[in-house]
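Notes for the one structure printed next.
Protein chains: 2
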Amino acid sequence: MLELVDVHKSYVTGPVTTEVLRGVRLEAGRGEMLSIMGPSGSGKSTLMNIIGLLDRPTNGSVFLKGRELMKMSDDELSALRNVCIGFVFQSFFLLPRLTALENVSVPLVYRKWGGAAIRRRALEMLEKVGMGEHAHHKPNQLSGGQQQRVAIARALAGSPALLLADEPTGALDADTGRDIMALFLELNASEEATVIIITHDRDVARRCARRLRIQGGLLEEFTETDAR
Amino acid sequence: MLELVDVHKSYVTGPVTTEVLRGVRLEAGRGEMLSIMGPSGSGKSTLMNIIGLLDRPTNGSVFLKGRELMKMSDDELSALRNVCIGFVFQSFFLLPRLTALENVSVPLVYRKWGGAAIRRRALEMLEKVGMGEHAHHKPNQLSGGQQQRVAIARALAGSPALLLADEPTGALDADTGRDIMALFLELNASEEATVIIITHDRDVARRCARRLRIQGGLLEEFTETDAR
Ligand SMILES: Nc1ncnc2c1ncn2[C@@H]1O[C@H](COP(=O)(O)OP(=O)(O)OP(=O)(O)O)[C@@H](O)[C@H]1O
Ligand SMILES: Nc1ncnc2c1ncn2[C@@H]1O[C@H](COP(=O)(O)OP(=O)(O)OP(=O)(O)O)[C@@H](O)[C@H]1O
Ligand SMILES: [Mg+2]
Ligand SMILES: [Mg+2]
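From first to last, the protein sequence lines are chains A and B.
Just so you know, my numbering puts 33 at position 5 of the first sequence, and the rest follows in order with no gaps.
Just so you know, my numbering puts 222 at position 194 of the second sequence, and the rest follows in order with no gaps.
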């Protein structure tokens with residue numbers, strides 16, 4: 029499904045080049061569920077943007093469904109992303125002028141679903157995340173955790189083959205966070221989606237079969253006995 | 029220091045009125061440290077905006093340093109807020125065009141400090157939150173947790189009498205979160221600041237002498253034996 033081969037990423041800020049990813053290797057197959065932890069500023073969101081075809085690595089190769097990222101045009105990347113990948117961004121990135129329902133509808137519009145099917149599915153997803161009664165609220169009429177749940181509904185709406193969730197429970201109380209993890213597990217089990225969750229929450233990480241950590245610009249698997 | 033008497037807050041969305049706060053009562057003296065927990069959407073940020081004089085209640089009274097909020101003009105509110113209160117917002121609200129250093133400088137500019145003193149203090153605060161080497165980065169060049177720490181540095185820069193922190197560790201790994209709590213405890217101890225922390229993190233809540241919970245639009249104290 030997904031493979032990263034010796035991925036490097038550097039940022040240039042004025043005269044300074046900062047190497048954030050230093051030769052990341054990863055393989056993730058269909059139906060796998062992974063968590064990625066690591067200190068603040070260690071490169072998790074950077075990595076997620078590359079996996080999600082939102083950014084290109086400085087060096088290295090990314091393969092999604094056997095196709096290599098570096099050989100695609102921007103249009104091909106965009107098309108693949110829109111069909112295959114669901115994102116829960118760390119900052120949510122809801123469209124401020126759209127209601128919750130309209131925000132959740134966006135990936136379905138990109139997938140060229142019909143209007144009635146869009147509406148039905150978007151409302152179903154909002155109800156799954158406990159947000160059905162806020163469907164007509166705009167983001168500035170929602171709490172932080174409510175916005176996060178709208179973002180989650182949006183990510184799940186198209187039943188993506190690959191779900192990338194960057195700190196999806198950070199703004200949620202423990203009970204609501206558990207409800208969300210149950211939705212991710214359901215997508216993983218019923219659709220064989222590959223699910224990658226970036227998280228600072230050990231409870232969330234434990235519920236993933238594979239646990240990885242990013243440190244010093246590299247990605248490594250770790251087991252519970254390694255945890256500090 | 030702070031008193032809320034029978035505070036109500038409702039939002040009107042089209043034809044629907046939602047009553048979020050239903051008669052909140054609170055007293056907090058100098059040097060106290062409180063945490064507030066509650067489910068997503070229960071009214072915590074709403075309450076914080078009222079305590080912080082950023083919004084007015086629908087009914088009820090708020091007193092800060094003996095002065096009643098409802099009797100103040102907007103200019104008086106603004107002046108009191110700028111001098112007394114430090115905010116860590118749930119969404120950070122960094123100014124996107126300013127560097128980290130310039131963002132942290134803003135409350136000091138409002139307090140009419142001189143340029144060299146501003147610079148010194150802003151850099152000191154950034155170093156305290158582990159962000160000294162990112163002083164010249166803009167928010168879009170920083171990770172989520174790095175942005176959060178810049179927001180924290182900004183809140184602490186003017187040694188506020190009242191610190192309001194809305195989910196201040198949500199985007200941070202456990203070690204960094206502990207470092208931040210140590211800074212809050214230091215402000216509380218050395219300056220006798222009143223510190224109110226909204227949090228979903230039980231470890232953070234436990235470190236506060238008083239623990240409150242918002243539920244059903246009301247605020248109640250709870251003890252560890254009440255926790256589920
Ligand atoms: N501007 C607004 N217009 C209408 N409703 C609003 C507005 N702001 C907040 N609300 C509603 O008020 C309720 C409380 O919101 P608030 O942001 O205080 O919750 P919260 O406890 O901080 O939640 P979270 O833990 O998710 O941040 C929510 O149901 C929300 O939808
Ligand atoms: N556009 C950019 N320009 C310059 N540096 C950047 C840029 N984006 C990120 N960085 C830097 O790259 C590093 C990694 O950022 P990234 O957002 O991937 O971290 P993260 O692991 O997601 O952290 P967090 O847990 O705080 O969200 C950070 O030190 C950050 O300052
Ligand atoms: Mg991040
Ligand atoms: Mg909130």
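Ideal Cβ placement from N, Cα and C applies to all residues, glycine included.
Neighbouring residues, chain A, relative to residue 204 (chain B) (Cβ below 8 Å): In the second sequence, the residue the question calls residue 204 (chain B) occupies position 176. Within chain A, the residues near residue 204 (chain B) are 67 and 68.
Residue 172 (chain A) Cβ short of 7 Å to ligand 4 heavy atom set: The residue you call residue 172 (chain A) lines up with position 144 of the first sequence. For ligand 4, at least one heavy atom lies less than 7 Å from the Cβ of residue 172 (chain A).
C-beta neighbour in chain A for residue 244 (chain B), strict 8 Å: Position 216 of the second sequence, counted from the first residue, corresponds to residue 244 (chain B). Closer than 8 Å: no.
Against chain A: residues of the segment 223–245 of chain B by CB proximity under 7 Å: Result list: 228.
8 Å CB neighbourhood of residue 251 (chain B) in its chain, flanking five on each side removed: If you number the second sequence from 1, residue 251 (chain B) lands on position 223. Around residue 251 (chain B): 239.
beta-carbon residue 72 (chain A) near ligand 3 non-hydrogen atom, thresh 7 Å: By 1-based counting over the first sequence, the position of residue 72 (chain A) is 44. Short note on residue 72 (chain A): C-beta closer than 7 Å to some heavy atom of ligand 3.
Reduced DSSP secondary structure (H/G/I, E/B, other) of residue 303 (chain B): The requested residue 303 (chain B) is not part of the displayed model; chain B covers only 29 to 256.
Closer than 8 Å to chain A by CB, residue 165 (chain B): Locating residue 165 (chain B) in the second sequence gives position 137, where the first residue counts as 1. Cβ-Cβ to chain A under 8 Å: yes for residue 165 (chain B).
Chain-order list of residues whose beta-carbon lies under 8 Å from that of residue 161 (chain B) (same chain, five-residue window excluded): For the purposes of this step, residue 161 (chain B) is identified with residue 133 of the second sequence, where counting begins at 1. Residues of the same chain with their beta carbon placed closer than 8 Å to that of residue 161 (chain B) are lacking, with the five preceding and five following residues left out of the count.
Within 8 Å, strictly: CB atoms of residue 72 (chain B) and residue 242 (chain B): Counting from 1 along the second sequence, the entry for residue 72 (chain B) is found at position 44. Counting from 1 along the second sequence, the entry for residue 242 (chain B) is found at position 214. Yes, these two residues count as a Cβ contact at 8 Å.
Contact check, residue 204 (chain A) vs residue 56 (chain A), beta carbons under 8 Å: Within the first sequence, residue 204 (chain A) is the residue found at index 176, counting from 1. Within the first sequence, residue 56 (chain A) is the residue found at index 28, counting from 1. No, the Cβ-Cβ distance between residue 204 (chain A) and residue 56 (chain A) is not below 8 Å.
Start and end residues, alpha helix (DSSP H) containing residue 132 (chain B): On the second sequence, position 104 is the one that residue 132 (chain B) refers to. 128–138 is the span of the alpha helix (DSSP H), which, as asked, contains residue 132 (chain B).
Near ligand 4: residue 118 (chain B) beta-carbon under 7 Å from a heavy atom: Walking along the second sequence from the start, residue 118 (chain B) turns up at place 90. The answer is yes for residue 118 (chain B).
Test: residue 43 (chain B) CB closer than 8 Å to a CB of chain A: Within the second sequence, residue 43 (chain B) is the residue found at index 15, counting from 1. It does not; no Cβ of chain A falls within 8 Å.
Pairwise C-alpha distance: residue 81 (chain A) and residue 128 (chain A): Here residue 128 (chain A) refers to the residue found at position 100 when the first sequence is read from its first residue. Here residue 81 (chain A) refers to the residue found at position 53 when the first sequence is read from its first residue. The alpha-carbon separation between residue 128 (chain A) and residue 81 (chain A) amounts to approximately 25 Å.
Sequence-distant residues of its chain with Cβ nearer than 6 Å to residue 219 (chain B) (five each side left out): Here residue 219 (chain B) corresponds to residue number 191 of the second sequence, with the count starting at 1. Only 187 meet the Cβ criterion.
8 Å Cβ cutoff, residue 34 (chain A) in contact with chain B: Your numbering for residue 34 (chain A) matches position 6 in the first sequence. The Cβ of residue 34 (chain A) sits no closer than 8 Å to any Cβ of chain B.
Beta carbon proximity, residue 82 (chain B) to chain A, threshold 8 Å: Taking the second sequence and counting its residues from 1, one reaches residue 82 (chain B) at position 54. Look at residue 82 (chain B): its C-beta is not under 8 Å from any C-beta on chain A.
Any chain B beta carbon closer than 8 Å to residue 198 (chain A): Here residue 198 (chain A) is taken as the residue at index 170 of the first sequence, counted from 1. Chain B contact via Cβ: present.
Any non-hydrogen atom of ligand 1 within 7 Å of residue 66 (chain B) CB: If you number the second sequence from 1, residue 66 (chain B) lands on position 38. Relative to the non-hydrogen atoms of ligand 1, the Cβ of residue 66 (chain B) comes within a distance shorter than 7 Å of at least one.
Closer than 8 Å at the beta carbon, the chain B residues around residue 63 (chain A): Start at 1 with the first residue of the first sequence, and residue 63 (chain A) comes out as number 35. For the C-beta of residue 63 (chain A), not a single chain B residue is nearer than 8 Å; the gap to the nearest is close to 13 Å.
Residue range of the unbroken alpha helix (DSSP H) whose run includes residue 213 (chain B): What you label residue 213 (chain B) is simply residue 185 of the second sequence in a count that begins at 1. Residue range 202–219 is occupied by the alpha helix (DSSP H) that includes residue 213 (chain B).
8 Å Cβ cutoff met for residue 62 (chain A) and residue 236 (chain A): Here residue 62 (chain A) is taken as the residue at index 34 of the first sequence, counted from 1. Here residue 236 (chain A) is taken as the residue at index 208 of the first sequence, counted from 1. Going by C-beta atoms, residue 62 (chain A) is nearer than 8 Å to residue 236 (chain A).
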